[in-house]
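Position 126, counted from 1, in the sequence shown is what our numbering calls 126; the numbers after and before it change by one each time, with no gaps.
Heads up, the beta-carbon is just placed ideally off N, CA and C, and yes, glycines get one too.
To start, the structure under review is shown below, and the notes come after it.
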Amino acid sequence: MMNESPSDGGGTRLHVSTRSLRRLLLSLSVTGLLVGCGPGEPVGPPAAPPPAKAVFELPREESLTETREYTGNLEAIETVSIRARVRGTLDKVLFEEGAEVQVGDLLYELDPSEYQAVVDEKRAEIQRLEQVRRFAESEQKRQEELYRQNAGSLEALDARKNDVALAIADLAKAEATLRQAELDLSYTKIVAPIAGRVGRTLITVGNLVGYNEPTLLTTIVKMDPIHVHLDVPERDLLRLESAASESGGEWSLLGAKLAVGLEGEEGYPHVGEISFRDNRVVSETGTAFLRGTLQNPDRGLIPGQFCRIQVSVGTPRPRLLVPETALAADQRGRYVLVVKEDDTVEQRSVKVEQNSAVQGFLTVSEGLTKDDRVIVSGIQKARPGSKVVPISAADEAAEQAKLAAPPAGPSGEST
1 MMNESPSDGG GTRLHVSTRS LRRLLLSLSV TGLLVGCGPG EPVGPPAAPP
51 PAKAVFELPR EESLTETREY TGNLEAIETV SIRARVRGTL DKVLFEEGAE
101 VQVGDLLYEL DPSEYQAVVD EKRAEIQRLE QVRRFAESEQ KRQEELYRQN
151 AGSLEALDAR KNDVALAIAD LAKAEATLRQ AELDLSYTKI VAPIAGRVGR
201 TLITVGNLVG YNEPTLLTTI VKMDPIHVHL DVPERDLLRL ESAASESGGE
251 WSLLGAKLAV GLEGEEGYPH VGEISFRDNR VVSETGTAFL RGTLQNPDRG
301 LIPGQFCRIQ VSVGTPRPRL LVPETALAAD QRGRYVLVVK EDDTVEQRSV
351 KVEQNSAVQG FLTVSEGLTK DDRVIVSGIQ KARPGSKVVP ISAADEAAEQ
401 AKLAAPPAGP SGEST
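Take a look at the structure:
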C-alpha cells in the first residue's frame, strides 16, 4: 500500500509498505520465469558428466616358484657340554669366553698332584709284581729241572707253575689299574672335543669340581653350518608332496631351497636347503617337523634365534602378477576392476596365491589373462558397467611428468 506525503521541497513522497514490496518482487520473478520458458521449450535433465579416467596395467607374466612362509628357530648342529670328569680343584681357565676353539684345544686344568701320585704308586706296584713274576718263573724252571732228575715231586712243580700264573694275573691287574690312573690323570686336562664357539665359564679358578657328579664348566656349539627347525601344517605337507609328484622327479622336499630372515632383516638373505623330514605328523598339533641346513661362514646366525622361513615349492612356472593396490575384497572374495573392449568396467573375481607377494605385486592364479586391462588408479571413480577413459600407467606417468616440468623460457630454457 502506497501513501502520498508532502516533501520538504513541495513535492510528493511515496511510502511503500514491506508487504507490498514483497508481493511486487514475487510477481516480477514469476513473470521472468514464464518469459524464459516460452512455449515449446521444456526443461530437460542436467547433462551427464564425462567418463572418468581409469589408469590400467596389463598383468606381468613372470616365471616364479611357489613359496610357503613359516616361523622357526635356529639350532646348532652340535652342542657339547664340557664337564669335569674327575674330582679336583680348578687350577686354570685357558680360553677366552666367546672365542672360536678347535678340536683338542686345552680349556681347563685341574690340580693333577693327587692323580699323579696314584699313577706313580701304580707304576711302582707294577715294578714289584714284575719282580715277583720273574722270581716265580725262575722257581718254576728250577723245580722242572729237579723233577727231570727225579729230585722233586710233581706237586712241587705244580705249585711253582701256579705261582707263575698268579704273578702274571697280579701284574695284568696292576697294569689295568695303572691305565685307569693315567686316564684319571688325563682328565685333569680338559680339551675341546669339537670345533665351535665356546660359551662363558661357569666355574672360576679355585673351586672344587666333580665332587658328587660331573660339574658343568661351559658349552661349545658348532656354528657353521647351522640348522633351522620348523613345524609345517599337515595341509602344507600334502602340498609339498603333491609338488614333488607334479615335478616328475625334478623337485623333491629333501634338498628343496629354503631361505631364512632374522628380525630386522629385509627379505630372506640366508639361503640353505631342507635336509630332514620327520617320519610322522604330531596329532596334537597337526604339524610335521622339518629341518634345514644353512652355511654360516660369518657366524651371523646364532643358535636359538627366532627366524622367518621361506620354502620354495616345486619348479618355476609362468604366473601373472598384479599390483597389490589393484586388488579389493568383498563378501565373495578378492576382485579387480577390468576395462573391457568397449571401455566399460567389469568386476572380476580372482584367486590370489598365498604368500605370493613380490615387491608390491601379488600372484593371481585364476580370473585373469595376460591381456586384461586391470585398473590400478581411479578405482574409486570406476563403477562396474560404467564407461571410462582408459589410459595406460606408462602414458599416465609420461603425462604427469610433462605437466610437472617447468615451462620453457623465450630462449627455450626452463624458467
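Margin query: Runs of 3 residues minimum, wholly inside the segment 313 to 353: which ones carry the beta strand (DSSP E) assignment?
Written below: 328 to 330, 333 to 339 and 345 to 349
Notebook entry, point to check: So, are the CB atoms of glutamate 324 and glycine 360 less than 8 Å apart?
Noted result: yes
Checklist line | Complete runs of the alpha helix (DSSP H) confined to the segment 130 to 198 [at least 4 residues] | finding: 154 to 186
Check: For phenylalanine 56 and chain B, any beta-carbon pair shorter than 8 Å?
Finding: The chain inventory of the structure shown lacks chain B, comprising one protein chain alone.
Next item on the list: Reducing DSSP to helix, strand and coil, say where serine 247 ends up.
Entry: coil
Check: When the Cα of isoleucine 220 is compared with those of Ile77, Val336, Arg179 and Lys257, which residue comes out closest?
Finding: Ile77
Next item on the list: Find the nearest neighbour of valine 191 within the set Leu185, Leu106 and Tyr211, judged by alpha-carbon distance.
Entry: Leu106
Notebook entry, point to check: If you draw a straight line from the C-alpha of proline 112 to the C-alpha of valine 228, how long is it?
Noted result: 42 Å
Check: What is the DSSP secondary structure of arginine 123, counted as helix, strand or coil?
Finding: helix
Item checked: Sequence-distant residues of the same chain with beta carbon closer than 7 Å to glycine 72, five excluded per side -> Val228, His229, Leu230, Cys307 and Ile309
Checklist line | Closest residue to glutamate 109 among Ala99, Glu125 and Asp91 (Cα-Cα distance) | finding: Asp91
Check: What is the DSSP secondary structure of alanine 405, counted as helix, strand or coil?
Finding: coil
Next item on the list: May I have the straight-line CA-CA distance separating leucine 290 from arginine 197, to the nearest angstrom?
Entry: 25 Å
Next item on the list: Mark proline 316 as exposed unless 16 or more other C-beta atoms lie within 10 angstroms of its C-beta, in which case mark it buried.
Entry: exposed
Next item on the list: Give the DSSP bridge partners of arginine 239, in chain order.
Entry: Beta-bridge pairing links arginine 239 to no other residue.
Notebook entry, point to check: Can the beta-carbon of threonine 292 be found closer than 8 Å to that of alanine 243?
Noted result: One point to set straight first is that residue 292 is glycine, not threonine, in the sequence displayed. No. Outside cutoff.
Notebook entry, point to check: Just checking my contact of threonine 363 with valine 352 at CB under 8 Å: how many whole Å lie between their CB atoms?
Noted result: 7 Å
Check: Could you give the distance in angstroms between the alpha-carbon of glutamate 250 and the alpha-carbon of alanine 256?
Finding: 11 Å
Margin query: Once DSSP output is grouped into helix, strand and coil, what is the label at aspartate 371?
Written below: coil
Margin query: I'd like the list of long-range same chain contacts for arginine 348, defined as Cβ closer than 8 Å, with 5 residues on each side in sequence excluded.
Written below: Tyr335, Val336, Leu337, Val338, Gly367, Leu368 and Asp372
Check: Are the segment 158 to 175 and the segment 116 to 129 touching, with three or more C-beta to C-beta distances below 8 Å?
Finding: yes
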